[in-house]
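Let me begin by presenting the structure, written as structure tokens, before commenting on it.
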Amino acid sequence: MRLPTAVLVLIFAALIEAIPIKYNTKKNIIFMVSDGMGLSAMTTARQFIETRDNLTYEQASLEMENYLIGSVRTQSSSTLITDSAAAGSAIANGVKTYNGAISVDPEGNPRGTFYEGAKLLNYSTGIVSTTFVQDATICTPNTHVLSRRYYDLIAEQQLGYGHPLGQTMDIVMGGGRQYLHGVNSTQYQTKGKRSDGVDYIQKAQDDGWTYIGDRESFDELYDDESDEAQLPLLAIFGANSLPMEMDRNATEVPSLTEMSLLAIDQLVKATENSTTGFVLLLEGARIDHAGHANDPRAIVDDTVAHADAFKAVIDRVSQLDTETIVVSTSDHECGGLGLGYNGDYEWWPENLLGITTSTEYAINLLDAYDGANETKAEWFRTEVLEGQMNFTNYTSEEIDEVLASDSPQVSLAHLVSRAANLGWTSTAHTQQDVPLYAWANTEGAYLRTLAALGSSIENTEIPEFFARELGVDLDEVTELIKDIQTSPDN
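What the sequence shown shows, in mature numbering (1 follows the signal peptide of the UniProt record, and there is no 0), is residues -18 to -1, 1 to 472, in sequence order.
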């Protein structure tokens, strides 16, 4: 008989006193964030796989679902529906704040994070994301600004420049090259956006960082069998966000799984002979972007990519002798995805199966239309919908609707959603609790995790748990970083 989670939590909580937390014991913390993913995204992905692979409902599963232990409440201090900045801050420092804030409290005071505290205790640290690394959720571990739009300042602090604690990240990996060099610079295959003109990629290398910026150099490091870590490591693979999973060219851009495994291997090497382990944040960020666009096929592929990364991470760290805890949750849900629409008791995953590109990719092609030879509608039909997306379930009236829309990507996504009988409530975030998954390689670590997080919890309880596990005093960290610059104007 399988006991309900709530009953198990009570049992384990009663036993937990017998399992000492050895704060000085070497350990690793891996925190995974599936940005914007709600339970409906997991259900959509699972039933998509069930249909694609002709499985029964008993056979269809994402392995990640086997590790579900609870749910997380996400509201910010300013609204019932959080943005990514406030949510990312709450799960980094344990304090709810206003939408748009990056690791500052509602009054704008910097709040120390468990990542910074871990670094003070000589843990190695890292962040990996499929969006630009200066974006709202992924930047919260070690930057403190009043607005998520202060990308230049975020980029500086992230690499340790202007940070009271100096370099607090050993790995920074993802997209976001444009915020690391000047507006007149094109030397990194993209034009920079920094108004101050500073080349932080070169500056970081001058200060000892290893920089990799393409697939070839990534593969060289990934295949490196030496015992020496190449840290600190700055690995940036695009000007902005990395492509959505279904649009990603594997010969040019590494996957979330590959980036996660490289980060883990580098951190394992770095901590092989240390008395402390590592703390690593891994973000599957583009689920959120698919939700904002209401793109059902893109949300499936990026949800599966995150679930695949979760499995790969567990497979990798299960080989370690060091106690390791892996927790995955979402900062919020995005889009309000509903399976079933317009009164029907069904939805049709088969109508998503053949689609080969995201609506983002399709609309980028539309934006490049030059008006040659064909009408725009005819070109869009033949070259984009059928030629690139492999989508044929539409009418000529629906094409006209997309072309006339102020938000053509959302209009196209709604066309795809109607074909699958899916609905959406928003092109923004929603106030849905989000799932929480956990794994550990020792019984004691798992029981402590379950006792702390295995129920319906506030998002602020996650960093509080990690801080206890690491022996971090968040108030002490806050005192040490209180004078950090929080605005370009101060």
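The beta-carbon is built from N, C-alpha and C at its ideal position, and this holds for glycine as well.
This structure is a prediction, so every number in the text was calculated from the model and none was measured.
DSSP state of residue i mapped onto helix, strand, coil
| i | result |
| --- | --- |
| K9 | strand |
| E202 | helix |
| V392 | helix |
| A410 | coil |
| L224 | coil |
| L(-4) | Summary for L(-4): the model assigns pLDDT 46, below 50, so the residue's position carries little reliability, and this model does not support an answer. |
| M14 | strand |
| V180 | coil |
| V165 | coil |
| E98 | helix |
| residue 495 | Not covered by the structure: residue 495. The range shown for the chain is -18 to 472. |
| E40 | coil |
| E207 | coil |
| E265 | strand |
| M46 | helix |
| L(-16) | For L(-16), the predicted structure reports a pLDDT of 48, less than 50, and the residue's modelled location is therefore unreliable. A value from the coordinates is still provided. Note: L(-16) maps to coil in three-state DSSP. |
For residue i, the first and last residue of its enclosing alpha helix (DSSP H)
| i | result |
| --- | --- |
| V282 | 278 to 299 |
| R450 | 443 to 452 |
| E89 | Careful: E89 lies outside any alpha helix (DSSP H) and carries neither H nor E. |
| V384 | 378 to 386 |
| E342 | 341 to 349 |
| V54 | Careful: V54 lies outside any alpha helix (DSSP H), inside the beta strand (DSSP E) at 50 to 55. |
| S71 | 66 to 75 |
| I307 | Careful: I307 lies outside any alpha helix (DSSP H), inside the beta strand (DSSP E) at 305 to 311. |
| T468 | Unbroken run through T468: none, as it is neither H nor E. |
| H274 | 268 to 275 |
| I337 | From DSSP, I337 is part of no alpha helix (DSSP H); its letter is neither H nor E. |
| residue 487 | The shown model of the chain, from -18 to 472, leaves out residue 487, and the question about it has no answer. |
| T431 | 425 to 435 |
| I136 | 133 to 140 |
Beta-ladder partner(s) of residue i, from DSSP
| i | result |
| --- | --- |
| A245 | Partner(s): none; A245 has no beta bridge. |
| S106 | F260 |
| F114 | G157 |
| R230 | For R230, which the question treats as bridged, DSSP gives no partner whatsoever. |
| V459 | Per DSSP, none; premise fails for V459. |
| L321 | L404 |
| E360 | Bridge partners of E360: none, in fact. |
| C316 | H411 |
| V127 | I84 |
Cβ neighbour criterion (16 or more within 10 Å) applied to residue i
| i | result |
| --- | --- |
| V165 | exposed |
| D189 | exposed |
| A(-5) | Per-residue confidence for A(-5) stands at a pLDDT of 48, beneath the threshold of 50, marking its modelled position as unreliable; the derived number appears in the next sentence. Classification for A(-5): exposed. |
| Y39 | exposed |
| Y327 | exposed |
| T253 | buried |
| N6 | Caution is warranted here: a pLDDT of 44 is assigned to N6, below 50, making its placement in the model unreliable, and no coordinate value can be reported. |
| T364 | exposed |
| N423 | buried |
| T357 | exposed |
| T460 | buried |
| P225 | buried |
| T107 | buried |
Beta-carbon proximity of residue i to residue j, cut-off 8 Å
| i | j | result |
| --- | --- | --- |
| L432 | A420 | yes |
| residue 552 | G322 | An answer regarding residue 552 cannot be provided, because it is not within the stretch -18 to 472 covered by the chain. |
| G318 | S393 | no |
| F114 | G158 | yes |
| A427 | F447 | no |
| E332 | T125 | no |
| Y182 | A137 | yes |
| A267 | E45 | no |
| G273 | G18 | yes |
| T112 | L249 | no |
| D205 | T339 | no |
| G52 | S437 | yes |
| R130 | I63 | no |
| H411 | C316 | yes |
| A275 | A395 | yes |
| S60 | T122 | no |
| I73 | I444 | yes |
| K348 | P390 | Looking at the sequence provided, one finds Leu at residue 348 rather than Lys. In contact: L348 and P390 (Cβ atoms closer than 8 Å). |
| H314 | T56 | yes |
| A186 | L135 | no |
Span of the beta strand (DSSP E) around residue i
| i | result |
| --- | --- |
| W421 | 416 to 422 |
| E254 | Unbroken run through E254: none, as it is neither H nor E. |
| Y193 | 192 to 194 |
| L217 | In the sequence as displayed, the identity of residue 217 is Ala instead of Leu. Note, A217: beta strand (DSSP E), 215 to 218. |
| S438 | 438 to 440 |
Closer than 8 Å to chain B by CB, residue i
| i | result |
| --- | --- |
| P123 | Here there is only one protein chain, and chain B is not present. |
Check: residue i C-beta below 7 Å from any heavy atom of the ligand FAD
| i | result |
| --- | --- |
| F96 | Only the bare structure without any ligand can be found here, which leaves the ligand FAD out of the picture. |
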